[in-house]
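Residue numbers (my numbering): 922 to 1208.
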């Protein structure tokens, strides 16, 4: 895990050193420590503890008490660490930063998933992540979304196509979506794409997208549509019989996601899952 290497370098420097523990703790000292949740939430990041310990606390034995994706209460013990005291103290802050950050994302995601399920119990839309992630931490943050019950959107620019307004303007296709037929068809024939998605920002564009040849577009992203417009877009799709998914996006919050789910869209992408999720409060205590 490259990010674990970066985290170790960030804390220990070159050559690696913990000035405080070197001065105060005998290098032969051993201890046990517990990682404890100070808030209720959904856990994510425990799977990465061994990689962090290898770099920051060699010789540390880790026993997890719960699994990523589990919901825990206040005071729950997440993991028990036994090993060199210096190493455990060196691991402490990076471990807590990682668990707090990822568990915060998982907890925020679970809240969105629960609201959509309550609002549309028969067929709740998927709650999807975005590329609005911390640089260098996209993989673990998207993993945390899945721990919270969310759905993977595209990983990066390479695994799927998302045709946005600036692509359309650059191509001169914002007023004529048929100009997408040849280049998108060629890209699909080339393979290697999980899906092709087209962003629209008006109902007129949505109608034009639905009129494109079958199989060209997999998902139509309804960008910053109001609730009435979302419901109308769903009705247009259902009436047309076109087999495309509809995704709502743009400023969706915990307070509004239920109403968005009730419009009948298939997916809701939420940047706030990763760009502004508060960390879950976790602590490491020597026992």
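Beta carbons are placed, not taken as given, at the ideal position from N, Cα and C, and that holds for glycine.
Suppose contacts are defined by Cβ-Cβ distances below 7 Å. Is residue 1021 in contact with residue 1164 by that definition?
To locate residue 1021, count along the chain shown from 1; it is residue 100. To locate residue 1164, count along the chain shown from 1; it is residue 243. Taking 7 Å as the Cβ cut-off, residue 1021 and residue 1164 do not qualify as a contacting pair.
Residue 977 versus residue 1009 - alpha carbon distance:
The residue given as residue 977 occupies position 56 in the chain shown. The residue given as residue 1009 occupies position 88 in the chain shown. If you take the alpha carbons of residue 977 and residue 1009, they lie about 8 Å apart.
What whole-angstrom Cβ distance do residue 1166 and residue 1144 have, given they're in contact under 8 Å?
Counting from one through the chain shown, the residue named residue 1166 turns up at place 245. Counting from one through the chain shown, the residue named residue 1144 turns up at place 223. At roughly 15 Å, the Cβ-Cβ gap does not stay under 8 Å, so residue 1166 and residue 1144 are not in contact.
Since residue 1005 is in the beta strand (DSSP E), which residue starts that stretch and which ends it?
For the purposes of this step, residue 1005 is identified with residue 84 of the chain shown, where counting begins at 1. It spans 998-1005 - the beta strand (DSSP E) in which residue 1005 sits, taken as one unbroken run.
In chain order, what are the residue ranges of uninterrupted beta strand (DSSP E) at least 3 long that sit wholly in the stretch 1081-1115?
1082-1084
Candidates 1088, 1160, 1001, 1161, of which the one nearest residue 1204 by Cα:
For this step, residue 1204 is matched to residue 283 along the chain shown. Selected option, being the one with the closest Cα: 1001.
Going by DSSP in three states, residue 1063 sits in which element: helix, strand or coil?
Here residue 1063 is taken as the residue at index 142 of the chain shown, counted from 1. If DSSP states are grouped into helix, strand and coil, residue 1063 belongs with the helices.
According to DSSP, what are the bridge partners of residue 1120?
Here residue 1120 corresponds to residue number 199 of the chain shown, with the count starting at 1. Answer is 1142.
Residues near residue 1093 by beta carbon distance below 8 Å, same chain, minus five either side:
Translated into positions along the chain shown, residue 1093 becomes position 172. Within the same chain, residue 1093 has close Cβ partners 1100.
Closest by CA to residue 1202, which one among 1169, 998, 949, 982?
Taking the first residue of the chain shown as position 1, residue 1202 is located at position 281. Per the Cα distances, 998.
Residue 1072 bridges to which residues according to DSSP?
Here the question's residue 1072 lines up with position 151 in the chain shown. In DSSP, residue 1072 forms a bridge with 1049.
N- and C-terminal bounds of the alpha helix (DSSP H) containing residue 1158:
Reading the chain shown from its first residue, position 237 is the one you call residue 1158. First-last of the alpha helix (DSSP H) with residue 1158: 1148-1161.
Straight-line gap, residue 954 to residue 986 (C-alpha atoms, nearest Å):
Residue numbering aside, residue 954 sits at position 33 when the chain shown is read from its first letter. Residue numbering aside, residue 986 sits at position 65 when the chain shown is read from its first letter. Straight-line Cα distance between these residues: approximately 13 Å.
Report all residues from its chain with a CB closer than 6 Å to the CB of residue 1139; omit the five preceding and five following residues, and keep chain order.
On the chain shown, residue 1139 is found 218 positions in, with the first residue counted as 1. Around residue 1139: 1116, 1117.
Using 8 Å as the Cβ pair cut-off and three pairs as the minimum, do the stretch 940-958 and the stretch 1180-1194 touch?
no
Is it the case that the Cβ atoms of residue 1032 and residue 1050 are separated by a distance below 7 Å?
Your numbering for residue 1032 matches position 111 in the chain shown. Your numbering for residue 1050 matches position 129 in the chain shown. No, the Cβ-Cβ distance between residue 1032 and residue 1050 is not below 7 Å.
Distance between residue 1048 and residue 1016 (C-alpha atoms, nearest Å):
As a working mapping, residue 1016 is identified with position 95 in the chain shown. As a working mapping, residue 1048 is identified with position 127 in the chain shown. If I take the Cα positions, the gap works out to 27 Å.
Report buried or exposed for residue 1097, applying the criterion of at least 16 other Cβ atoms within 10 angstroms of its Cβ.
In the chain shown, residue 1097 corresponds to position 176, counting from 1. Classification for residue 1097: exposed.
Reduced DSSP secondary structure (H/G/I, E/B, other) of residue 1008:
In the chain shown, counting from the first residue as 1, residue 1008 sits at position 87. Residue 1008: helix per DSSP, three-state reduction.
Reference residue 1272; option with closest CA among 992, 970, 990, 994:
Any question about residue 1272 goes unanswered here, given that the chain covers just 922 to 1208.
If I follow the unbroken beta strand (DSSP E) through residue 968, where does it start and stop?
Walking along the chain shown from the start, residue 968 turns up at place 47. Element bounds for residue 968: n/a, residue is neither H nor E.
With a threshold of 16 other CB atoms inside 10 Å of the CB of residue 973, please say whether the residue is buried or exposed.
On the chain shown, position 52 is the one that residue 973 refers to. Under this definition residue 973 is a buried residue.
DSSP on residue 1197, reduced to helix/strand/coil?
Numbered from 1 along the chain shown, position 276 holds the residue referred to as residue 1197. Residue 1197 falls in the coil class under three-state DSSP.
Express the C-alpha separation of residue 980 and residue 1102 in angstroms, rounding to a whole number.
For the purposes of this step, residue 1102 is taken as the residue at position 181 of the chain shown. For the purposes of this step, residue 980 is taken as the residue at position 59 of the chain shown. Near 58 Å, if we compare the C-alpha coordinates of residue 980 and residue 1102.
Measuring CB to CB, does residue 1068 end up less than 7 Å from residue 1006?
As a working note, residue 1068 is residue 147 in the chain shown. As a working note, residue 1006 is residue 85 in the chain shown. In this structure, residue 1006 does not lie closer than 7 Å to residue 1068 by Cβ.
Can you tell me whether residue 1064 is buried or exposed, with buried defined as 16 or more other CB within 10 angstroms of its CB?
Numbered from its first residue, the chain shown carries residue 1064 at position 143. Burial call: buried.
So the candidates are 1037, 1061, 1197, 995; which of them puts its Cα closest to the Cα of residue 958?
Here residue 958 corresponds to residue number 37 of the chain shown, with the count starting at 1. The option with the nearest alpha carbon to residue 958 is 995.
I'd like to check one pair, residue 1037 with residue 1178: are the Cβ atoms closer than 7 Å?
In the chain shown, counting from the first residue as 1, residue 1178 sits at position 257. In the chain shown, counting from the first residue as 1, residue 1037 sits at position 116. Yes, the pair counts as a contact, with Cβ atoms nearer than the cut-off.
Between residue 1107 and residue 1120, what straight-line distance do the alpha-carbon atoms span, to the nearest angstrom?
Within the chain shown, residue 1107 is the residue found at index 186, counting from 1. Within the chain shown, residue 1120 is the residue found at index 199, counting from 1. Each residue's alpha carbon lies about 19 Å from the other.
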